[in-house]
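Trainee: The sequence shown runs 4 to 377 under my numbering.
We put the CB at the ideal spot given by N, CA and C, even for glycine.
Treat the numbers as computed from the prediction; the structure is a model and nothing was measured.
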Amino acid sequence: LKLFRIFTVVSPLSPAWYVYHRLQAKERSIPFMATMTREVQPQTHYQPLPPQMAATYPQVHSMLNPHLVAASFQPVGIHQHYNEQAHDHGEDVPHEGQVHMLITGIDYACDTQSWAGPVKGHGPLDTKFAFEMMKDLAWKSGADYMTLWNEQCTSEGIIEAIREVGAKCQPDDTFIFYYTGHGDQLPNPTGHEHMDQCLCLVDANGNTDDATMTYRQQVWLRDDTLAKTITDSTDPKVKVLVLVDACHSGTICDFTEDSAWARRRQRAISISGCEDNQTSAGTGRGGMFTRALTKAVQGISADSSNAKVSSIYNLTLQHYNQDKRPGHTQNIAIHGCAVRPNEMCWPLHPKKTYSSPANAKWKGRGGMTGLHLH
Numbered sequence: 004l005k006l007f008r009i010f011t012v013v014s015p016l017s018p019a020w021y022v023y024h025r026l027q028a029k030e031r032s033i034p035f036m037a038t039m040t041r042e043v044q045p046q047t048h049y050q051p052l053p054p055q056m057a058a059t060y061p062q063v064h065s066m067l068n069p070h071l072v073a074a075s076f077q078p079v080g081i082h083q084h085y086n087e088q089a090h091d092h093g094e095d096v097p098h099e100g101q102v103h104m105l106i107t108g109i110d111y112a113c114d115t116q117s118w119a120g121p122v123k124g125h126g127p128l129d130t131k132f133a134f135e136m137m138k139d140l141a142w143k144s145g146a147d148y149m150t151l152w153n154e155q156c157t158s159e160g161i162i163e164a165i166r167e168v169g170a171k172c173q174p175d176d177t178f179i180f181y182y183t184g185h186g187d188q189l190p191n192p193t194g195h196e197h198m199d200q201c202l203c204l205v206d207a208n209g210n211t212d213d214a215t216m217t218y219r220q221q222v223w224l225r226d227d228t229l230a231k232t233i234t235d236s237t238d239p240k241v242k243v244l245v246l247v248d249a250c251h252s253g254t255i256c257d258f259t260e261d262s263a264w265a266r267r268r269q270r271a272i273s274i275s276g277c278e279d280n281q282t283s284a285g286t287g288r289g290g291m292f293t294r295a296l297t298k299a300v301q302g303i304s305a306d307s308s309n310a311k312v313s314s315i316y317n318l319t320l321q322h323y324n325q326d327k328r329p330g331h332t333q334n335i336a337i338h339g340c341a342v343r344p345n346e347m348c349w350p351l352h353p354k355k356t357y358s359s360p361a362n363a364k365w366k367g368r369g370g371m372t373g374l375h376l377h
């Protein structure tokens, strides 16, 4: 520590100064964050940078482990947050540009050969409800949107659709990708990470897997491919919002310090139904996450056209916790790059008073009261 002190006669805002205080705290057996703030801070998944460092490196706003920031410091705004209220203070964020959205969903009624379908498996899922809810929200918000359902949701189909929708986006527009269906994991072939998070897509015949459970390797869409397709298809100045109601979807966008997101400094946020090691629950009428999300939008629709992503996320957590069923918990996750949740305007804001279909009465095959079916 004494030797290190010699080499840290630098600005108290430098990373070296930050490392020095961490070593000092360790030597004195004082919690590190206490030396920065003069009081012990609660240990959560999401920690803001100390004020001195935040002022110098404003693009770095949070980290999973603040104790490691100086040891592997890279000035990239990556944030990760699980089932905890996001910071929601600050000025209103004005809405900018147009909203272009791709809505995708699979209930596997089309699958005739795997565990997912109704013929040889436990399908179909209840995802059609969530799919229609998001179409309804997009339409009522005035978004330009495209939809893919069941057999249309092949890897090739979704990649091409992302390219098509992404090509419409101009700087400061918002690109939204939504998916509801099965999610799972596959071993990462490169070793860059242990497992890839995957969207369980289908082939041209509507099948997501086979009896040997090896066909999935050809059919599913890995997180690496999803992230690369979105970044390759959008201008770096386009804002990105990814919404995934599926199992094992926490890090579906692969926001890391060495990712294309970070290299491009692209403002992007993902909100997903659960962490990588968890499952997302259905209700018989759409996933818990999508239902809570649309209820959150209803909660702000009459108040402000400049609602923040952080506000929607926090309200989504509240509705999920109110409605969750005994015996199952999913940690709704929000991750992102280059923008804080309270710095991005929520892009799907209904033009008129909005009532979530999740709060509506079911009227049989005709749908739900108030749902715009189209």
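Give the secondary structure of F378 by DSSP, where H, G and I count as helix, E and B as strand, and everything else as coil.
Mentor: Outside the displayed range of the chain (4 to 377) lies residue 378, so it cannot be described from this structure.
Trainee: For Y181, list the residues DSSP reports as bridge partners.
Mentor: Per DSSP, I106 and L246.
Trainee: Near T237, what residues of its chain come up, given a Cβ to Cβ distance below 8 Å and the 5 sequence neighbours on each side ignored?
Mentor: Within the same chain, T237 has close Cβ partners G169, C172, F178, V243 and Q269.
Trainee: Would you call the CB atoms of D206 and T157 closer than 8 Å?
Mentor: Closer than 8 Å, so yes.
Trainee: So if DSSP puts D199 in a beta bridge, which residue, or which two residues, is it bridged to?
Mentor: L189, per the DSSP bridge assignment.
Trainee: From this set, L105, G276 and S273, which residue's C-alpha is nearest I161's C-alpha?
Mentor: It is L105.
Trainee: Please specify which runs of the beta strand (DSSP E), each continuous and at least 3 residues long, are wholly inside the region 310–368, giving them in chain order.
Mentor: Listed in chain order, the complete beta strand (DSSP E) runs (minimum 3 residues) inside the region 310–368 are 336–340.
Trainee: Taking buried to mean at least 16 other C-beta atoms within 10 Å of its own C-beta, is A299 buried or exposed?
Mentor: So A299 counts as buried.
Trainee: Comparing C-alpha positions only, which one of G126, D95, L202 and E167 sits nearest to L246?
Mentor: For the residues G126, D95, L202 and E167, the minimum Cα distance to L246 belongs to L202.
Trainee: My output table needs one value for D147: the three-state DSSP class, helix, strand or coil.
Mentor: Three-state result, D147: strand.
Trainee: Smallest Cα separation from V222: which of I233, L204 and L128?
Mentor: With distances taken between Cα atoms, V222 lies closest to L204.
Trainee: What residue range does the alpha helix (DSSP H) around S236 cover?
Mentor: D226 to S236 is the span of the alpha helix (DSSP H), which, as asked, contains S236.
Trainee: Is the region 259–278 touching the region 92–107, taking contact as three or more C-beta pairs under 8 Å?
Mentor: The region 259–278 vs the region 92–107: no contact.
Trainee: Leaving aside the five residues before and after P97 along the sequence, list all residues of the same chain whose C-beta is less than 7 Å from its C-beta, in chain order.
Mentor: Closer than 7 Å at the Cβ level, and outside the excluded window around P97, lie N309 and C348.
Trainee: Cβ of D257 within 8 Å of Cβ of A284?
Mentor: Contact flag unset, no.
Trainee: May I ask you to report which of helix, strand or coil DSSP gives S117?
Mentor: S117 falls in the coil class under three-state DSSP.
Trainee: Where does G290 fall in DSSP's three states?
Mentor: Correct three-state label for G290: strand.
Trainee: Start and end of the alpha helix (DSSP H) containing A112?
Mentor: Per DSSP, A112 belongs to no alpha helix (DSSP H) and is neither H nor E.
Trainee: Put G194 into one of helix, strand or coil per three-state DSSP.
Mentor: The answer is coil: DSSP assigns G194 none of H, G, I, E or B.
Trainee: Take the Cβ of A214 as the centre, count every other Cβ of all protein chains shown within 10 Å, and call the residue buried at 16 or more, exposed below.
Mentor: Per the 10 Å Cβ criterion, exposed.
Trainee: Do G276 and T130 have their CB atoms nearer than 8 Å?
Mentor: No, these two residues do not count as a Cβ contact at 8 Å.
Trainee: Tell me whether the beta-carbon of N153 lies closer than 8 Å to the beta-carbon of A119.
Mentor: Not a contact, by the Cβ cut-off of 8 Å.
Trainee: Give me the Cα-Cα distance between A141 and Q301, rounded to the nearest whole angstrom.
Mentor: Going by the C-alpha atoms only, they are around 13 Å apart.
Trainee: According to DSSP, which residues form a beta bridge with G285?
Mentor: G290.
Trainee: Taking the alpha-carbon of E278 as reference, which of P190, E163, N191 and A336 has the nearest alpha-carbon?
Mentor: Of P190, E163, N191 and A336, the residue nearest in Cα terms is A336.
Trainee: Taking S275 as part of the beta strand (DSSP E), name the residues at either end of that continuous run.
Mentor: Taken as a continuous stretch (DSSP letters only), the beta strand (DSSP E) holding S275 covers A271 to S275.
Trainee: Nearest CA to the CA of A164: which residue from G124, D91 and T232?
Mentor: Closest by alpha carbon: T232.
Trainee: Evaluate H92 with the Cβ neighbour count: other Cβ atoms within 10 Å of its Cβ, from every protein chain shown; 16 or more gives buried, anything less gives exposed.
Mentor: Result: exposed.
Trainee: Taking the alpha carbon of D176 as the reference point, which residue from V122, S313, K240 and K143 has its own alpha carbon closest?
Mentor: Checking every option, the nearest Cα to that of D176 belongs to K240.
Trainee: Below 8 Å on the Cβ atoms is my contact criterion, and I expect M136 with T293 to pass it. Report the Cβ-Cβ distance as a whole number of Å.
Mentor: So it is a contact: roughly 6 Å between Cβ atoms.
Trainee: Use the C-beta contact count for H331: other C-beta atoms within 10 angstroms, 16 or more gives buried, fewer gives exposed.
Mentor: Per the 10 Å Cβ criterion, exposed.
Trainee: Using only CA atoms, which one of Q220, P127 and T150 lies nearest to V114?
Mentor: Per the sequence presented here, residue 114 reads as Asp, with Val not at that position. For D114, the nearest C-alpha among the options comes from P127.
Trainee: Using a Cβ-Cβ cut-off of 6 Å (strictly less than) and excluding sequence neighbours within five positions of G253, which residues of its own chain qualify?
Mentor: Hits under 6 Å: S275, E278, D279 and A336.
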